[in-house]
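Below is one structure; the comments refer to it alone.
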Amino acid sequence: MFDDSVYSVVQGVIEFTSAINPYHRDVRLMMWASGSNIYEYSVMGVKDIAVSGNSLRINVNDDEEIIITIRPVLNIKHEASDKT
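Residue 84 is where the sequence shown ends in the working numbering, and the numbering goes up by one at each step.
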């Protein structure tokens with residue numbers, strides 16, 4: 001139904017790519033530094049995805065959230081809480 005959307009950002013030697021399938025709510029995040037993979041995360045069926053200014057917020061579920069900011073510098077904040 002909907003195709004993947006792929007977004008890439010390059011800042012110096014850092015490259016970040018996100019692939020999002022909006023229909024299935026699948027997300028894949030990848031980051032490289034000088035050609036070496038330093039971060040990779042794939043998840044299916046996320047709760048919500050929102051874009052606000054220079055940030056992408058991914059609510060994976062009630063206990064996990066990822067915030068990617070591309071300006072002023074590229075940053076990934078990945079938080080998970082244990083509510084057990």
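The C-beta atom is built at its ideal place from N, Cα and C for all residues, glycine as well.
Remember, it's a predicted structure, so these values are computed and weren't measured experimentally.
Pick from 29, 82, 81, 21: whose alpha carbon is nearest that of residue 9?
Mapped onto the sequence shown, residue 9 falls at position 9. When the alpha-carbon of residue 9 is set against those of 29, 82, 81, 21, the nearest one is in 29.
Integer Cβ distance of residue 27 from residue 46, believed to fall under 8 angstroms
By one-based count along the sequence shown, residue 27 stands at place 27. By one-based count along the sequence shown, residue 46 stands at place 46. So it is a contact: roughly 6 angstroms between Cβ atoms.
Would you kindly check if the distance between the Cβ of residue 49 and the Cβ of residue 20 is under 8 angstroms?
Along the sequence shown, read from residue 1 onward, the residue named residue 20 stands at position 20. Along the sequence shown, read from residue 1 onward, the residue named residue 49 stands at position 49. Yes, they are a contact pair.
Pairwise C-alpha distance: residue 22 and residue 4
Sequence index remark: in the sequence shown, residue 4 carries index 4 (1-based). Sequence index remark: in the sequence shown, residue 22 carries index 22 (1-based). Approximately 7 angstroms, taken between the alpha carbons.
Check for me: the beta strand (DSSP E) holding residue 42 runs from which residue to which?
Along the sequence shown, read from residue 1 onward, the residue named residue 42 stands at position 42. Here the beta strand (DSSP E) through residue 42 covers 36-43.
Does DSSP put residue 20 in a helix, a strand or coil?
Residue mapping note: residue 20 aligns to position 20 of the sequence shown, counting from 1. If DSSP states are grouped into helix, strand and coil, residue 20 belongs with the strands.
Using a 10 Å radius around the Cβ and a threshold of 16 neighbouring Cβ atoms, would you call residue 44 buried or exposed?
Locating residue 44 in the sequence shown gives position 44, where the first residue counts as 1. Classification for residue 44: exposed.
I need the DSSP call for residue 62, collapsed to helix, strand or coil.
In the sequence shown, the residue the question calls residue 62 occupies position 62. In this structure, residue 62 counts as coil in the three-state DSSP scheme.
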